[in-house]
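To start, the structure under review is shown below, and the notes come after it.
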Amino acid sequence: MAEPFAKETSMSNLLIKNGTLITAAETFQADILVEGEKIAQIGPELTAPANAEVVDAGGKLVMPGGVDVHTHFSLPMAGTISSDDHYTGHKGAAFGGTTTAIDFVSQDTSPLLANIEAAHVNADPKAAIDFGFHMNITHFDDQVAAEIGQLPAAGVTSVKVFTAYNGRLRLSDGEIFKVLRLARQHGLLTMVHAENGDVIETLVAEALTAGHTAPEWHSLTRPSWGAVEATLRTAALAAQAEAPVYIVHMNVGGEVDQVAYARAHGIQVMAETCPQYLFFTIDNLRGPDGAKWVCSPPMRSAADNARLWTGIADGTLQVMATDHCPFFFDGRKPILYEGKEVAIPGKELGNGNFTLVPNGLPGVGDRMPILWTYGVRSGRITPNQFVALTSTNPARIFGMYPRKGTLMPGADADIVIWDPERRLKYGVAHAQHRTDYNLYEGWELVGYPERVYLRGNLIVENETWYGKPGMGRFIHRKAFGDIL
Ligand code: DUC
Ligand code: ZN
Ligand code: ZN
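Each residue of the sequence shown is one higher than the one before, starting from 54 at the first, in this note's numbering.
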């Protein structure tokens with residue numbers, strides 16, 4: 054019988070027997086012996102040490118814990134804050150099989166290291182899975198240039214820049230070029246949010262003047278061609294800086310084409326997409342609940358969905374993340390969360406003006422179950438590609454491998470026992486996000502995590518939560534992550 058809360062550093066042993074192990078490279082039958090927080094041995098018919106708990110994974114799949122490198126917990130936006138914090142978001146992640154998440158640190162006028170320190174004060178006591186930080190660079194000058202090299206010592210080995218959000222988050226092309234060069238020098242990876250800020254600002258102003266207020270205008274004022282152009286521009290800047298680059302939340306088919314072109318020309322461009330860009334279109338923004346799908350970049354077309362799927366399947370895109378940044382659909386109505394009523398202002402703030410809808414969607418817990426049913430079971434990707442996209446590749450690219458992202462002796466015992474036959478109708482009642490809606494309401498799923506271990510500690514068993522705030526550890530990531 055499991056304890057009410059997992060112990061943070063259990064020195065007990067665990068033997069997972071008879072499972073089918075899936076890694077990015079292979080699928081095989083083996084047992085896994087966990088000693089304390091680490092995988093000690095993998096092999097056939099291992100013998101349980103005297104004090105080991107033995108778990109029979111017969112008929113189940115055993116995979117490395119998921120790694121989501123794109124989340125926004127407690128992100129202030131549009132007069133409110135994203136509704137999952139580092140505890141509730143981590144809990145939601147864990148129920149979906151994810152055991153490591155990397156969030157973004159906002160830059161203010163303080164030194165970068167002070168921003169990171171402030172993020173620790175917020176996240177460390179809450180963290181329930183392991184976590185890391187990316188540093189946003191939204192203002193660039195000589196002082197910031199001098200500070201970028203200090204980031205790896207703080208365990209932060211990636212920065213994010215924006216080609217959109219003029220006057221707020223955007224850097225000029227010249228500044229992005231300089232960040233890319235500095236990042237390369239210090240072994241950091243530059244992540245880019247690629248849209249055309251100038252076009253967006255123009256179209257938004259025109260739409261408001263014309264009285265267009267509905268959520269679909271969020272998408273109509275952020276044209277696909279801006280994302281395509283900004284993706285090629287990003288790749289070209291990376292080529293000129295001789296630096297690797299990683300494009301976040303790819304959402305347009307043409308972006309995949311640009312990444313394929315750049316990679317074919319030897320440019321070190323890597324890219325992620327997120328499940329919402331594989332399934333939804335601007336039509337979702339047109340219904341009475343269209344604000345649920347307002348995020349940036351926006352939903353596009355069915356042709357874009359299809360091209361992104363082929364980009365995942367053929368390896369042009371390496372990572373499936375989420376951009377998890379939830380808001381309530383109606384933050385005036387409380388929900389019950391861990392027995393308490395919670396209401397956080399959300400999408401209703403933008404009723405009557407699409408520019409005031411907080412941008413973002415829930416997804417951190419949906420990612421793996423949705424991709425399993427609609428990616429693996431539907432035959433679009435293999436189980437090994439699933440592990441590569443959701444765990445191994447992000448761990449490698451972001452300097453956490455092989456501690457995270459695989460099953461091998463010496464790795465952290467972040468392990469998911471996955472029941473490939475579990476059937477359920479998914480939705481807000483099942484997902485564990487702290488919000489009042491789910492994008493996949495009513496979707497039929499086949500395959501779901503049964504047990505989730507974080508460094509050998511059982512944190513999820515079916516519908517039961519054993520995690521606790523503060524048990525997640527900051528991952529001090531390596532500089533010079535892998536370039537895939
Ligand atoms: N996009 C969103 O929709 N929300 C948070 C940040 C981002 O990039
Ligand atoms: Zn972004
Ligand atoms: Zn984001």
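In this text, a Cβ means the ideal position worked out from N, Cα and C, and glycines have one as well. Model, not experiment: these values are computed from the prediction.
Coil, strand or helix - arginine 433 by DSSP: Within the sequence shown, the letter at position 380 stands for residue 433. DSSP places arginine 433 outside both helix and strand once states are collapsed to three, so it counts as coil.
Residue range of the unbroken beta strand (DSSP E) whose run includes aspartate 310: Against the sequence shown, residue 310 aligns to sequence position 257. Unbroken run through aspartate 310 is the alpha helix (DSSP H), 306 to 317; no beta strand (DSSP E).
Residue closest to histidine 246, alpha-carbon to alpha-carbon, out of Pro447, Val115 and Lys213: Looking up residue 246 in the sequence shown gives position 193. Nearest of Pro447, Val115 and Lys213 to histidine 246, Cα basis: Lys213.
Among Thr141, Ala288 and Pro436, nearest to tyrosine 390 - alpha-carbon criterion: In the sequence shown, the residue the question calls residue 390 occupies position 337. Closest option to tyrosine 390, Cα to Cα, is Thr141.
Sequence-distant residues of its chain with Cβ nearer than 6 Å to aspartate 383 (five each side left out): In the sequence shown, the residue the question calls residue 383 occupies position 330. So the list reads Glu401, once near-sequence residues are dropped.
Within 8 Å, strictly: CB atoms of leucine 507 and isoleucine 182: As a working note, residue 507 is residue 454 in the sequence shown. As a working note, residue 182 is residue 129 in the sequence shown. Cβ distance < 8 Å, so leucine 507 and isoleucine 182 count as in contact.
Serine 272, buried or exposed, once every other Cβ within 10 Å from all chains shown has been counted against 16: Here the question's residue 272 lines up with position 219 in the sequence shown. By the 10 Å Cβ count, serine 272 comes out buried.
Straight-line Cα distance separating alanine 292 from isoleucine 320: The sequence position of residue 320 within the sequence shown is 267, counting from 1. The sequence position of residue 292 within the sequence shown is 239, counting from 1. Spanning the two alpha carbons is a distance of roughly 6 Å.
Exposure label - aspartate 467; buried when at least 16 CB within 10 Å: The residue you call residue 467 lines up with position 414 of the sequence shown. Counting C-beta atoms within 10 angstroms of its own C-beta, aspartate 467 has 16 or more neighbours from the protein chains shown and is therefore classed as buried.
Under the three-state DSSP convention, the category lysine 457 falls into: The sequence position of residue 457 within the sequence shown is 404, counting from 1. If DSSP states are grouped into helix, strand and coil, lysine 457 belongs with coil.
Status (buried if at least 16 other CB within 10 Å, exposed otherwise) for tryptophan 278: As a working note, residue 278 is residue 225 in the sequence shown. Tryptophan 278 sits exposed, since fewer than 16 C-beta atoms from the chains shown fall within 10 Å of its C-beta.
Complete beta strand (DSSP E) runs within the segment 384 to 438 (minimum length 3 residues, chain order): Taking only runs of at least 3 residues, the beta strand (DSSP E) segments lying wholly in the segment 384 to 438 are 388 to 390 and 393 to 395.
Opening and closing residue of the alpha helix (DSSP H) in which serine 272 lies: If you number the sequence shown from 1, residue 272 lands on position 219. Annotation: the continuous alpha helix (DSSP H) that includes serine 272 extends over 269 to 273.
When Ala206, Val209, Gln203 and Ile253 are compared against arginine 223, the one with the closest alpha-carbon: To locate residue 223, count along the sequence shown from 1; it is residue 170. When each option's Cα is compared against that of arginine 223, the closest is Ile253.
Simplified DSSP state of serine 135, which is helix, strand or coil: Here the question's residue 135 lines up with position 82 in the sequence shown. Note: serine 135 maps to coil in three-state DSSP.
Proline 543 to arginine 487 span [Cα, whole Å]: With the chain covering 54 to 537 only, the question about residue 543 has no answer from this structure.
Option nearest aspartate 376 by Cα separation, candidates Glu325, Phe407 and Lys386: Taking the first residue of the sequence shown as position 1, residue 376 is located at position 323. Sorting Glu325, Phe407 and Lys386 by C-alpha distance to the C-alpha of aspartate 376 places Glu325 at the top.
Leucine 204 versus leucine 166 - alpha carbon distance: Locating residue 204 in the sequence shown gives position 151, counting from the first residue. Locating residue 166 in the sequence shown gives position 113, counting from the first residue. Going by the C-alpha atoms only, they are around 7 Å apart.
For proline 398 and alanine 410, the rounded distance between their alpha carbons: The sequence position of residue 410 within the sequence shown is 357, counting from 1. The sequence position of residue 398 within the sequence shown is 345, counting from 1. First, the amino acid is wrong: residue 410 is valine here, not alanine. If I take the Cα positions, the gap works out to 11 Å.
Limits of the unbroken alpha helix (DSSP H) element including alanine 198: Your numbering for residue 198 matches position 145 in the sequence shown. Taken as a continuous stretch (DSSP letters only), the alpha helix (DSSP H) holding alanine 198 covers 195 to 201.
Histidine 239 beta carbon near ligand 2 (any heavy atom closer than 7 Å): As a working note, residue 239 is residue 186 in the sequence shown. No, ligand 2 has no heavy atom inside 7 Å of this Cβ.
Nearest neighbour of valine 395, chosen from Asp138, Gly111, Lys91 and Thr284 [CA to CA]: On the sequence shown, position 342 is the one that residue 395 refers to. Here the closest residue by C-alpha is Asp138.
Any non-hydrogen atom of ligand 2 closer than 7 Å to valine 301 Cβ: Walking along the sequence shown from the start, residue 301 turns up at place 248. It does: the Cβ of valine 301 is within 7 Å (strictly closer) of some heavy atom of ligand 2.
Limits of the beta strand (DSSP E) - the one that isoleucine 155 falls within: For the purposes of this step, residue 155 is taken as residue 102 along the sequence shown, with counting starting at 1. DSSP places isoleucine 155 in the uninterrupted beta strand (DSSP E) bounded by 151 to 158.
Cutoff 6 Å; reference valine 513; Cβ partners in own chain excluding five residues on either side: Taking the first residue of the sequence shown as 1, we reach residue 513 at position 460. Non-local C-beta neighbours of valine 513 in its own chain, meaning closer than 6 Å and more than five positions away in sequence, comprise Ala147, Phe148 and Val505, ordered along the chain.
Among Val499, Pro341, Asn175 and Ser225, the one whose alpha carbon lies nearest that of serine 431: Working through the sequence shown from its first residue, we reach residue 431 at position 378. Considering only alpha carbons, the answer is Val499.
Alpha-carbon spacing of isoleucine 229 relative to threonine 191, whole angstroms: Translated into positions along the sequence shown, residue 229 becomes position 176. Translated into positions along the sequence shown, residue 191 becomes position 138. Cα to Cα, isoleucine 229 sits roughly 10 Å from threonine 191.
Element boundaries [alpha helix (DSSP H), containing threonine 30]: Any answer about residue 30 is impossible in this case: the structure gives the chain only from 54 up to 537.
Contacts around serine 65, its chain only, beta-carbon distance under 7 Å, and the 5 residues preceding and following it disregarded: The residue you call residue 65 lines up with position 12 of the sequence shown. A distance below 7 Å between beta-carbons, with the five flanking residues on each side excluded, links serine 65 to the following residues of its chain, in chain order: Asn104 and Glu106.
Three-state class that DSSP yields for arginine 237 in the structure shown: One-based indexing of the sequence shown puts residue 237 at position 184. Helix.
6 Å CB neighbourhood of proline 57 in its chain, flanking five on each side removed: Your numbering for residue 57 matches position 4 in the sequence shown. The predicted model places proline 57 with a pLDDT of 40, which falls under 50 and marks its position as unreliable, so this point remains unresolved.
Proximity to asparagine 515 [Cα-Cα], best of Lys478, Lys521, Asp472 and Asp177: For this step, residue 515 is matched to residue 462 along the sequence shown. It is Asp472 whose Cα lies nearest to the Cα of asparagine 515.
Test item: CB-CB of glycine 307 and valine 347 under 8 Å: Here residue 307 corresponds to residue number 254 of the sequence shown, with the count starting at 1. Here residue 347 corresponds to residue number 294 of the sequence shown, with the count starting at 1. Cβ distance not < 8 Å, so glycine 307 and valine 347 don't count as in contact.
Contact check, valine 232 vs alanine 288, beta carbons under 8 Å: Position 179 of the sequence shown, counted from the start, is the residue given in the question as residue 232. Position 235 of the sequence shown, counted from the start, is the residue given in the question as residue 288. For the 8 Å CB-CB criterion, valine 232 and alanine 288 do not form a contact.
Check whether threonine 73 and glycine 119 have beta carbons under 8 Å apart: Here the question's residue 73 lines up with position 20 in the sequence shown. Here the question's residue 119 lines up with position 66 in the sequence shown. No, these two residues do not count as a Cβ contact at 8 Å.
Residue from Asp195, Gln371, Lys457 and Ser136 with nearest C-alpha to valine 469: As a first step, residue 469 is located in the sequence shown; it is residue number 416 there, counting from the start. Answer by Cα proximity: Lys457.
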